[in-house]
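Novice: Handing you this structure, nothing more for now.
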Amino acid sequence: RRILANADYPRFGALMKNRGYDWEAVKVTTEDDYILNTFHILGKTGQPRPESLKASVLVQHGASVDAHSFIEYTGDKKSFVLGLADEGFDMWIGNNRGTATSQGHKTLNAATDNAYWDFSWAEMGLYDDVANIQQGANM
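Using the working numbering, the letters of the sequence shown map in sequence onto residues 3 to 141.
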């Protein structure tokens, strides 16, 4: 596990800052060598993180969106992700391979290697979700 600087994700950072929550970005490597950036909600800014949390919960976006959608498109209402964090759940928001925040790979370059893009929804379910679930369970 490698924690990334929050400054590397200014869009998500701004969303979380505006809502008053601390978070971290965690690199998660899949079995087929894709490198995902998964966001871990740590709780409200300025409040201590509980020593004992309820279950870990991973939320995963669908087509044409990314992790930002769980925070960004809630209007004046609080995101259910942040509501669950407030209730003591250990919240993780996944970013599938190929999204703007998850274009890493051990050997392929998303910008120059067409082979990077040779995946389907099946691989996202078989590898991305499994890697993110394992990450949350190992924390």
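Just so it is clear, CB atoms sit at the ideal spot from N, CA and C, and this is done for glycine as well. Nothing here was measured: the structure is a model prediction, and the numbers come from that model.
1. Look up ASN39 in the DSSP assignment and say whether it is helix, strand or coil.
2. Quick one: residues in its chain with C-beta nearer than 8 angstroms to the C-beta of ILE37, no 5 flanking neighbours on either side, listed in chain order?
3. For LYS142 and PHE82, I'd like the C-alpha separation in whole angstroms.
4. So what does DSSP say about LYS56, is it helix, strand or coil?
5. With DSSP collapsed to three states, give me the class of LEU44.
6. Can you tell me whether DSSP reads TYR11 as helix, strand or coil?
7. Would you give the residue range spanned by the alpha helix (DSSP H) that ASP88 belongs to?
Specialist: The answer reads as follows:
1. For the purposes of this step, residue 39 is taken as residue 37 along the sequence shown, with counting starting at 1. Correct three-state label for ASN39: strand.
2. Here residue 37 refers to the residue found at position 35 of the sequence shown. So the list reads LYS29, VAL30, THR31, SER104, GLY106, HIS107, LYS108, once near-sequence residues are dropped.
3. Residue numbering for the chain in the displayed model covers 3 to 141; residue 142 lies beyond these limits and cannot be assessed.
4. Within the sequence shown, the letter at position 54 stands for residue 56. The answer is coil: DSSP assigns LYS56 none of H, G, I, E or B.
5. The count along the sequence shown starts at 1 and reaches residue 44 at position 42. Shown here, LEU44 sits in a strand according to DSSP, grouped into three states.
6. Here residue 11 refers to the residue found at position 9 when the sequence shown is read from its first residue. TYR11 falls in the coil class under three-state DSSP.
7. Reading the sequence shown from its first residue, position 86 is the one you call residue 88. Under the DSSP assignment, ASP88 falls in the alpha helix (DSSP H) whose first and last residues are 82 to 88.
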